[in-house]
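What follows is a single structure, written as structure tokens, with notes after it.
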Amino acid sequence: MSAPIPTRVHYHKQARELELGYANGESYRLSAEYLRVYSPSAEVRGHGPDTEVLQIGMKYVGLQNITQTGRYALKLHFDDGHDTGLYSWEYLYDLATHHDAYWEQYLRRLEKAGASREPLGIPVKQV
Numbered sequence: 001m002s003a004p005i006p007t008r009v010h011y012h013k014q015a016r017e018l019e020l021g022y023a024n025g026e027s028y029r030l031s032a033e034y035l036r037v038y039s040p041s042a043e044v045r046g047h048g049p050d051t052e053v054l055q056i057g058m059k060y061v062g063l064q065n066i067t068q069t070g071r072y073a074l075k076l077h078f079d080d081g082h083d084t085g086l087y088s089w090e091y092l093y094d095l096a097t098h099h100d101a102y103w104e105q106y107l108r109r110l111e112k113a114g115a116s117r118e119p120l121g122i123p124v125k126q127v
């Protein structure tokens, strides 16, 4: 069975969260940081086994734009310039329904690497 297609997609700018609502009443809010560190792009996931790149310093990342790609995905344009990777409906639903486990996995990876969610410097955003 394929994942449901959201009937509502809304970005809460101040909270930096993407809300996905479904016809069955389910609703999920995913932080831009979470979406950024789990980007489906090759830049993040790598080009083969064990080539994933740990994303650090993404705590305050937000979205500049969201565009639909066909009938199967969203393209998220992050304010740090990252805009590669297509978030299919299946991938978004997987991220939403496994949020807690994936987030804990990310935090463990950061800790193991001695890295942080905090940016290394003062974030500069385009206006």
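Reading the sequence shown from the start, the letters are residues 1 to 127 in full-length UniProt numbering.
Even glycine gets a Cβ: it sits at the ideal position worked out from N, Cα and C.
For clarity, every value in this text was computed on a predicted model and none was experimentally measured.
| Item | Value |
| --- | --- |
| Check whether A73 and S88 have beta carbons under 7 angstroms apart | yes |
| Member of E17, T7, P119, A115 whose CA lies at the smallest distance from the CA of L63 | E17 |
| Backbone CA spacing between L95 and G114 [nearest angstrom] | 25 angstroms |
| Cutoff 6 angstroms; reference N65; Cβ partners in own chain excluding five residues on either side | H77 |
| Under the three-state DSSP convention, the category K112 falls into | helix |
| Beta-carbon contacts of E90 that lie in its chain and below 7 angstroms, excluding the five residues immediately before and after | S2, A3 |
| Per-residue DSSP class, three states only, for H99 | helix |
| For L107, the three-state DSSP class (helix, strand or coil) | helix |
| Distance CB(P40)-CB(G85) smaller than 7 angstroms | yes |
| For V37, the first and last residue of its enclosing alpha helix (DSSP H) | 32-37 |
| Assigned exposure category for A32 - 16 Cβ within 10 Å defines buried | buried |
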